[in-house]
Structure formats: C-alpha cells, structure tokens
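All remarks here apply to the structure that follows.
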Amino acid sequence: MGKSVYIAEKPSVAQEFAKALKENMSRRDGYLESEHSIVTWCVGHLVTMSYPEAYDEKYKRWSLQTLPFLPKEFKYEVIPDVKKQFGIVKSLLTREDVERIYVCTDSGR
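Just so it is clear: in the sequence shown, position 77 is 423 by my numbering, and no numbers are missing.
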C-alpha cells in the first residue's frame, strides 16, 4: 500500500496534521514522514501568476490599446523566496510510493 501525502498551508498546520495522524513521524528537510504518510507544507503561496511582459514585451507598459489582456493560457512562476520548498513539494508528489494526495489548505477569502 502506497503513502498518502498531506499538503498543509504552513509548517505549524503541518505539525498539527502529523499529530492528528498519530503516526511515528520522522522530520526531514521540508516534510515529515512515517511508514504510511508524508506531511509537507507550503509557505503561503508557492507560485504566482506571471506579469504581462512574460507573454510579450509590448505589455510591459500599460496602455488602453493592449486592454483587455486575456491570454489563451495563463503562465505561472515559482516565487523566488520559496523555491526550495516548491521543489520539495514537487518531488514528493512524483514519488513512486505515493498513491494519494490530500490538499489540506484553507479555502482563502
């Protein structure tokens, strides 16, 4: 049976999830792991939408002629300050032993 990954919004919430699971968790770099579960966290947001100039340099300066700006496909970028944690979460989600993923973040406002 594969492992479950639980993704919390921040480290303190991840700690509470780990306690609730009542499993013997080992602390790793950016996550907690037991025989059956992995609990990791974001640090707020890990990605953000790209600025318009990432689509085309002509959007760097706003003008009425370029509005509305509605790309066919939105682009996203990893936030530089949380790049390491993004990599950790990404690697956990693609592990061979992971069968289930639970997103345990709040719904926002």
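Ideal Cβ positions, reconstructed from N, Cα and C, are used throughout, including at glycine.
Residue range 357 to 367 is occupied by the alpha helix (DSSP H) that includes residue 364. Residues of the same chain with a CB within less than 6 Å of the CB of residue 378, apart from the 5 flanking positions on each side, are 364, 371 and 385 in chain order.
By the neighbour-count criterion, in which a residue is buried when 16 or more other Cβ atoms sit within 10 angstroms of its Cβ, residue 411 is exposed.
Bounds of the alpha helix (DSSP H) holding residue 439 are 429 to 439. Looking at 417, 446, 373 and 423, the one whose alpha-carbon comes closest to that of residue 401 is 417. Using a Cβ distance threshold of 8 Å, residue 350 and residue 446 count as a contacting pair.
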